[in-house]
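Everything in the sequence shown is counted per my numbering, starting at 1 for the first residue and increasing by one.
Where a beta carbon is used, it is the ideal one built from N, C-alpha and C, also for glycine.
Written out below as structure tokens is the structure these notes cover.
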Amino acid sequence: MGKLKVALASHQHSAAKTAAKKRAQAAQDVKQTSVKASLDGVKKGKKRARQASIRAKNGRTNDELGKSNNTIKNKPPTIPFDKQDTILLLGEANFSFSLSLLSSPHNHPPHLIFATAFDTEEITRSKYPDAEGHVKELRDKGVMVEFGVDAGALERCKALAKGRRWSKVIFNFPHVGAGITDQDRNILTNQHMLLRFFRSVEPFLTTGPSHISLPKIVSKREKKGKQKLKKTQSSDNEDALSGVSDSEHESETQDYPAIEDEPSSISASSFKQRDFEPPHRAGTILITLLTCPPYTLWCLPQLAARPPPTCPGTNLPQPRYTLLRSFEFMPQAYKGYAHRRTIGWKEGLSKSENEEILGRRGIPRTYEFIKALGNN
């Protein structure tokens, strides 16, 4: 009996000792967790302090930053033309964009607008039921309208009239609409279409000084120097800037459908009867695309600035262009504008108004190009 009591006491002592060790370890774990949380809090506090210091140096408080963000959201849309511009519109679908230029706040002179569509008039009416009314209103107000105009072969359009120049050439949401399911072929086909357009439009652009300052070309040596300086200056506020995005800003030949020349609905004398005087400034090209695949895969800025030496499907030299600027395209700035897809409007299937471009992952963005210096 005595031995049993001793054994029991020994077991109880051992259990108590083990429990004490566990309690001590738990207390140590709690202490370490507390210290870590404290250190993390200090680090976060320091990070917030550095951010506040940076804002203070820039003279901006949290409230001011909030106001700044609201200002960006409420920023008025960029309107890339004025009433002196002669405007050539390519690839119009239902002609609602063309018609919007006549409305407030633009009120553009009708005789300075030439609106064109790739399809024939008959096909346009069948694809876009609202096009007929828009075209009638445009013509009644004095806008020049033409069908069967290939943006990649503008020289074939007699209605453009020899010698006429355009200070703004607008090509909204270009797409061949060929129904190509293979993504690589689809991308290449649309790139070829854009290259043909860039070559074709060059002789129709006005000449003169640029209305916007040309972007400065930085040499590789200057770029490296700036990168080193930037790295040195940003070393102290690296944490504050982490997570901030800087983004904002093949030999296959494609046959394009040939459109036979239709009798032009515009007489050559109609240009002469009006006071058609292009402004004395360098003409620019405005192309609007969504900032999401597959459109971003077309590499539009690079395609314009560093194209192949010759235009696809021809032996003609390919001109180069410089990107002047890019900005968000806001459909609400164009009263009555309703985007339509190249394949046409399908009742019950197609999205109304501008849901096709506003309901996507990307945003509509306009890229404005000017002929590069040194082009022949």
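Beta-carbon separation (whole angstroms), Ile383 vs Leu324, contact threshold 8 Å:
The chain is shown from 1 up to 376; residue 383 falls before or after that span and cannot be answered.
From Val143 to Pro76, what distance separates their C-alpha atoms?
Annotation: Val143 to Pro76 spans about 27 Å, alpha carbon to alpha carbon.
Going by DSSP in three states, Ile427 sits in which element: helix, strand or coil?
Not covered by the structure: residue 427. The range shown for the chain is 1 to 376.
What separation, rounded to the nearest whole angstrom, lies between the Cα atoms of Glu132 and Gly336?
Note on geometry: alpha-carbon atoms of Glu132 and Gly336 lie some 15 Å from one another.
Rounded to whole angstroms, what's the CA-CA distance from Gly177 to Thr296? Just pull it up for me.
Distance between the alpha carbons of Gly177 and Thr296: 17 Å.
Is the beta carbon of Pro209 sitting closer than 8 Å to the one on Asp85?
No, Cβ-Cβ distance for Pro209 and Asp85 is not below 8 Å.
Out of Asn186, Arg164, Cys157, point me to the one whose CA is closest to Thr120's CA.
Among Asn186, Arg164, Cys157, the Cα nearest to that of Thr120 is on Cys157.
Taking contact to mean 3 or more Cβ pairs, one atom from each stretch, closer than 8 Å, check whether the segment 105 to 117 and the segment 297 to 316 are in contact.
Not touching, per the Cβ criterion.
Does DSSP classify Glu132 as helix, strand or coil?
Residue state, collapsed to three classes: helix.
Could I get the ranges of all uninterrupted alpha helix (DSSP H) runs contained in the segment 270 to 318, with 4 residues as the minimum, in chain order?
Listed in chain order, the complete alpha helix (DSSP H) runs (minimum 4 residues) inside the segment 270 to 318 are 300 to 305.
Lys168 versus Leu286 - alpha carbon distance
Across the structure, Lys168 and Leu286 are spaced so that their CA atoms are roughly 7 Å apart.
Hey, out of Ala153, Glu122, Gly362, Ala333, whose CA is closest to Ser96's CA?
Cα-wise, what sits closest to Ser96 is Ala333.
Taking the beta strand (DSSP E) that Met144 belongs to, which residues open and close that run?
If you look at Met144, you'll find it in the beta strand (DSSP E) that goes 144 to 146.
In or out: Ile212 buried (at least 16 other Cβ within 10 Å) or exposed?
So Ile212 counts as exposed.
Neighbourhood of Gln183 by C-beta distance below 7 Å, restricted to the same chain and skipping five residues each side
Its chain contains Pro294 as the residues whose beta carbon lies nearer than 7 Å to that of Gln183, once the 5 sequence neighbours on both sides are disregarded; these appear in chain order.
Could you have a look at Thr322 and say whether DSSP puts it in helix, strand or coil?
Strand at Thr322.
Taking only three categories from DSSP, how would you classify Leu102?
When secondary structure is reduced to three states using DSSP, Leu102 falls in the coil class, being assigned neither helix nor strand.
Round the Cβ separation of Thr284 and Arg365 to the nearest angstrom and send it over; I've been treating them as touching at under 8 Å.
Between Arg365 and Thr284 the Cβ distance is about 15 Å, and since that is not below 8 Å, they are no contact.
So, at 7 Å on beta carbons, what are the nonlocal neighbours of Arg48 in its own chain, with the 5 sequence-adjacent residues on each side left out?
Unreliable placement is indicated for Arg48, whose pLDDT of 49 sits below 50; no coordinate value is reported for it.
Here's the rule I'm using: 16 or more other beta-carbon atoms within 10 Å means buried, otherwise exposed. How should Ala115 be labelled?
Ala115 should be labelled buried.
Do you know whose CA, among Pro174, Ile180, Arg139, lies nearest Arg196's CA?
Of Pro174, Ile180, Arg139, the smallest CA-CA separation from Arg196 is found for Pro174.
Thr116, enclosing beta strand (DSSP E) - first and last residue
For Thr116, the enclosing beta strand (DSSP E) has its first and last residue at 113 to 116.
Nearest to Lys216 by CA position, among Lys83, Thr18, Leu373, is which residue?
Looking only at Lys83, Thr18, Leu373, the smallest Cα-Cα distance to Lys216 is reached by Leu373.
Count the other CB atoms, across all protein chains shown, that sit within 10 Å of the CB of Asn190; report buried if there are 16 or more and exposed otherwise.
With 16 or more other Cβ atoms within 10 Å, it is buried.
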